[in-house]
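Below is one structure, written out as structure tokens; comments come after it.
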Amino acid sequence: MRLRPLLASWRPALPGPSAESGRPFQLTRYFTATSLMAFVVLAIALYLLELGEQRFFAATQREQGNFLATVQAQLLQEQKEAGRSNLVSVHEAGHVTLAHVFANALWESHFAPLVARAQAVPVERCRASAPDVQRGPVADAKACTAELRRQVAALPGFPDVDAPVRALMRRTSVFKIKVYDLRGLTVYSSELAQVGEDKAENRGWRSAADGHPASELVHRNRFSAFEGEVEHRDLIQSYIPVDLPRGGVGGVFEIYSDVTPLLQQLDSAGLRLGDVTKRNQERVQQAAERNQATMERSSTRLLLVSAALLVMVYLALLYLVRNAQRIIDAEARAREQMAVREHEWHQDKMATMATMAAHISHEVGNPLAIISGMAEEIEHWRTPADIQPEMARTIVQQTARISGMTRRISDFATAGSDTPEVVNINQAVSSVCDFLRFDRRFRGTPIEQRRGEGLLACEAIPDQLTEVLMGLLHALEENCERCGGAGGTRLVVSTEALQDTVRLHIACQCGPHQLACRIPPDEGRMAAARRRIEGMGGDLELSLTGVEIRLPAWKPPSVS
Numbered sequence: 001m002r003l004r005p006l007l008a009s010w011r012p013a014l015p016g017p018s019a020e021s022g023r024p025f026q027l028t029r030y031f032t033a034t035s036l037m038a039f040v041v042l043a044i045a046l047y048l049l050e051l052g053e054q055r056f057f058a059a060t061q062r063e064q065g066n067f068l069a070t071v072q073a074q075l076l077q078e079q080k081e082a083g084r085s086n087l088v089s090v091h092e093a094g095h096v097t098l099a100h101v102f103a104n105a106l107w108e109s110h111f112a113p114l115v116a117r118a119q120a121v122p123v124e125r126c127r128a129s130a131p132d133v134q135r136g137p138v139a140d141a142k143a144c145t146a147e148l149r150r151q152v153a154a155l156p157g158f159p160d161v162d163a164p165v166r167a168l169m170r171r172t173s174v175f176k177i178k179v180y181d182l183r184g185l186t187v188y189s190s191e192l193a194q195v196g197e198d199k200a201e202n203r204g205w206r207s208a209a210d211g212h213p214a215s216e217l218v219h220r221n222r223f224s225a226f227e228g229e230v231e232h233r234d235l236i237q238s239y240i241p242v243d244l245p246r247g248g249v250g251g252v253f254e255i256y257s258d259v260t261p262l263l264q265q266l267d268s269a270g271l272r273l274g275d276v277t278k279r280n281q282e283r284v285q286q287a288a289e290r291n292q293a294t295m296e297r298s299s300t301r302l303l304l305v306s307a308a309l310l311v312m313v314y315l316a317l318l319y320l321v322r323n324a325q326r327i328i329d330a331e332a333r334a335r336e337q338m339a340v341r342e343h344e345w346h347q348d349k350m351a352t353m354a355t356m357a358a359h360i361s362h363e364v365g366n367p368l369a370i371i372s373g374m375a376e377e378i379e380h381w382r383t384p385a386d387i388q389p390e391m392a393r394t395i396v397q398q399t400a401r402i403s404g405m406t407r408r409i410s411d412f413a414t415a416g417s418d419t420p421e422v423v424n425i426n427q428a429v430s431s432v433c434d435f436l437r438f439d440r441r442f443r444g445t446p447i448e449q450r451r452g453e454g455l456l457a458c459e460a461i462p463d464q465l466t467e468v469l470m471g472l473l474h475a476l477e478e479n480c481e482r483c484g485g486a487g488g489t490r491l492v493v494s495t496e497a498l499q500d501t502v503r504l505h506i507a508c509q510c511g512p513h514q515l516a517c518r519i520p521p522d523e524g525r526m527a528a529a530r531r532r533i534e535g536m537g538g539d540l541e542l543s544l545t546g547v548e549i550r551l552p553a554w555k556p557p558s559v560s
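The numbers in UniProt numbering rise by one with no breaks, and the one at position 17 of the sequence shown is 17.
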């Protein structure tokens, strides 16, 4: 017998070790851990970016506020300085005009003769006795100045100057007037105690002596004015040259005018402007705080929206991954079930082989024992009268019996092939059914074949077709046992020719009423059989009376 093809046809198609050796890939767990970490890192990065943006915006607001405050403070200071400078310039111009009035009214008649007579008063001695930084005081400077005052006051015409000067300055803002000669000697002062002072080192006097007026704003806690002594006054001090008609400078006027009210107005205006600036700064600060609050709310909304989007994306991805995990798990379960089914098929095949071996041993052993016994009996024949023709016929019958069994086994073994080829369905069904008769499980469940006439050949894989037929017949036989079938139970395999297809129907009829026992739809061998049949281009369906297989008929290639 050709046992190698037979064993090859029974070799189970178990899945490879890579499909079943390990657990299914835990996609959900790895995705949850990895994606959650990635989303957390992304959320932290977004939070830090938004926090940095808020801090940058707050720093920008502070810098702008500080810059605006600095600019406003500088503007206030410049305005204050410009106001004071303008005040000095305006009053200097007024002092120049006033000096011209004095010169026109009193210079030629009063001051010029007095200045001329004062030239006889020596001032060099007092300058020599002035304090020196290196050698210290040489003489009493105050005594020298007092002596000069006495000499100037004793000059003819000095008493006649004070009255007209005071008359001209009555009800004006001028607090003091001084007259200097070109040596810097004070020849007149509305404050008589200052007559005789030497101003040769004074920069203002020097500028006026050179023909250029010089003025400055000064503050005096106490000041002697025409109207008496005043306190805490702001004054414009100007040195004005006396221009002579013939050219040149004849002397210098020093004029003090009171600008305290004007300066107070300027300071008051500055304070008001400072208040306005302060209020503006407060409004700017409030606007900055509002902008910062708006920025923080906007950032919070952005973070919340981003977090919501991240959560939605995460949930959507998690949903997809869970579906993928279910598919992976389903495929893993399908592979496990396939492995179980293939294992069951393998057990069925091995059980069939064991049963077949025992049955063959029994079926072949009996005829051989009969033939052996008859051969021994024939060996003792001595005369023609001992010859028994029945023994010869029995030997022929038992030999035919053994030959039939070996033929069925040979047909089944040679039917196995794992490549597509043209198959005679009736022959394939007969080889499987005849072979299964060796299985003890089918002794109480006979297999009836109803072969159709005029069947077309089909292109199929004989090995897989054999596995499908054996698996379905085993499943139906087991189903008959579950149904509780008793006497009269049988399996019916019928074939029928349809248009361009071959129909193969397998049914289990149990009991005297030939009730149909259907295979459960979730039977594992049904899925494997359906996959095999669909791989050959056919269909496998459960019918009301059993299982129906449709295979496409083979079409010979057209000859051009």
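All C-beta atoms, glycine included, are put in the ideal place defined by N, C-alpha and C.
*Pick helix, strand or coil for D500, following the three-state DSSP scheme.*
It is coil, neither helix nor strand.
*Would you check if the stretch 255–270 and the stretch 58–68 touch, i.e. whether three or more CB-CB distances between them fall below 8 angstroms?*
In short, these stretches do not touch, since the Cβ pair count stays below three.
_In the DSSP output, which residue or residues are listed as bridge partners for I236?_
As a beta-bridge residue in DSSP terms, I236 pairs with L217 and S257.
*Within 8 angstroms, strictly: CB atoms of A43 and A308*: Cβ distance not < 8 angstroms, so A43 and A308 don't count as in contact.
_Taking the straight line between their C-alpha atoms, what separation do you get for V340 and A529?_
So the alpha carbons of these two residues sit roughly 14 angstroms apart.
*So is E108 buried or exposed if we call it buried at 16+ other beta carbons inside 10 Å?*
It is exposed - the Cβ of E108 has fewer than 16 other Cβ atoms within 10 Å.
*Run through the stretch 133–211 for me and flag every whole alpha helix (DSSP H) of 4 or more residues, listed as ranges in chain order.*
Counting only runs of at least 4 residues, the stretch 133–211 fully encloses the following alpha helix (DSSP H) elements, listed from N- to C-terminal order: 141–153, 159–169 and 203–209.
*Taking the DSSP output, what are the residues bridged to T495?*
In DSSP, T495 forms a bridge with L504.
*Assign V179 to buried or exposed, taking buried as 16 or more other Cβ atoms, counted over all protein chains shown, within 10 Å of its Cβ.*
With 16 or more other Cβ atoms within 10 Å, it is buried.
*asked:* On a Cα-Cα basis, can you pick out the residue from G270, T419, F253 and P213 that is closest to V174?
replied: Selected option, being the one with the closest Cα: F253.
*asked:* Counting C-beta neighbours from all protein chains within 10 Å, is the total for E289 16 or more, i.e. buried, or is it exposed?
replied: Sixteen is the threshold: since fewer than 16 other Cβ atoms of the shown chains lie within 10 Å of the Cβ of E289, the residue is exposed.
*Between L87, G250 and D243, which lies nearest to D258 when the distance is taken from Cα to Cα?*
Nearest in C-alpha terms to D258, of all of L87, G250 and D243, is L87.
*Can you tell me whether R525 is buried or exposed, with buried defined as 16 or more other CB within 10 angstroms of its CB?*
Per the 10 Å Cβ criterion, buried.
*Contact check, I519 vs A475, beta carbons under 8 angstroms*: Yes, these two residues count as a Cβ contact at 8 angstroms.
_Please give me, in chain order, every unbroken run of the alpha helix (DSSP H) with length at least 4 that falls completely inside the stretch 425–490._
Runs of the alpha helix (DSSP H) lying entirely within the stretch 425–490, each at least 4 residues long, are 425–436 and 462–483 in chain order.
*asked:* For a quick check, are the C-beta atoms of L469 and V432 less than 8 angstroms apart?
replied: For L469 and V432, yes; Cβs fall inside 8 angstroms.
_In whole angstroms, give me the CA-to-CA distance for I533 and L540._
Between the alpha carbons of I533 and L540 lies a gap of roughly 7 angstroms.
*Given Y256 as reference, the closest of L235, L271, P241 and L244 once Cα atoms are compared*: That would be L235, whose Cα lies nearest to the Cα of Y256.
*Tell whether a beta-carbon distance below 8 angstroms holds between A428 and M536.*
It is not a contact, given that the beta carbons lie outside the stated cut-off.
*Excluding the five sequence neighbours on either side, which residues of its own chain have a C-beta within less than 6 angstroms of the C-beta of F111, listed in chain order?*
Cβ neighbours of F111 beyond the five flanking positions: V179.
*asked:* Using 8 angstroms for Cβ pairs, my map puts V121 next to V152. What's the rounded Cβ distance?
replied: Yes, they are in contact, since the Cβ atoms of V121 and V152 sit about 6 angstroms apart, within 8 angstroms.
*Per-residue burial, E467 [other beta carbons within 10 Å of its own, 16 or more giving buried]*: It counts as buried.
*Where A120 sits in the DSSP three-state scheme*: DSSP places A120 in coil when its eight states are reduced to three.
*When the Cβ atoms of the stretch 301–321 are set against those of the stretch 25–35, are three or more pairs found closer than 8 angstroms?*
Touching, yes, given that three or more Cβ pairs across the two stretches are closer than 8 angstroms.
_Bounding residues of the beta strand (DSSP E) (the contiguous stretch that carries E421)_ = Note, E421: beta strand (DSSP E), E421 to V423.
*asked:* I'd like to check one pair, I506 with L456: are the Cβ atoms closer than 8 angstroms?
replied: No, these two residues do not count as a Cβ contact at 8 angstroms.
_Under DSSP, the beta strand (DSSP E) around L540 begins and ends at which residues?_
Counting along the chain, the unbroken beta strand (DSSP E) around L540 starts and ends at D539 to L542.
*8 angstroms CB neighbourhood of L273 in its chain, flanking five on each side removed*: If we look at L273 and ignore the five residues flanking it on each side, its Cβ neighbours are L76 and Q79.
*asked:* Quick check on the burial criterion: 16 or more other C-beta atoms within 10 angstroms. Buried or exposed for G196?
replied: Label assigned to G196: buried.
*Distance between beta carbons of G184 and K199, contact taken as under 8 angstroms*: The C-beta separation of K199 from G184 comes to about 5 angstroms, placing the pair in contact by the 8 angstroms criterion.
*Reducing DSSP to helix, strand and coil, say where R246 ends up.*
Three-state result, R246: coil.
*Beta carbon of E421 nearer than 8 angstroms to that of P462*: Taking 8 angstroms as the Cβ cut-off, E421 and P462 qualify as a contacting pair.
*Do you know how far the Cα of H95 is from the Cα of D181?*
So the two alpha carbons sit approximately 18 angstroms from each other.
_Inter-residue Cα distance where the pair is A209 and L271_ = Taking the Cα positions, A209 is about 39 angstroms away from L271.
*Taking L87 as part of the alpha helix (DSSP H), name the residues at either end of that continuous run.*
L87 -> alpha helix (DSSP H) spans L27 to F102.
*Kindly list the residues whose CB is nearer than 8 angstroms to the CB of L244, restricted to its own chain and excluding five residues on each side of it in sequence; keep chain order.*
Only G250 meet the Cβ criterion.
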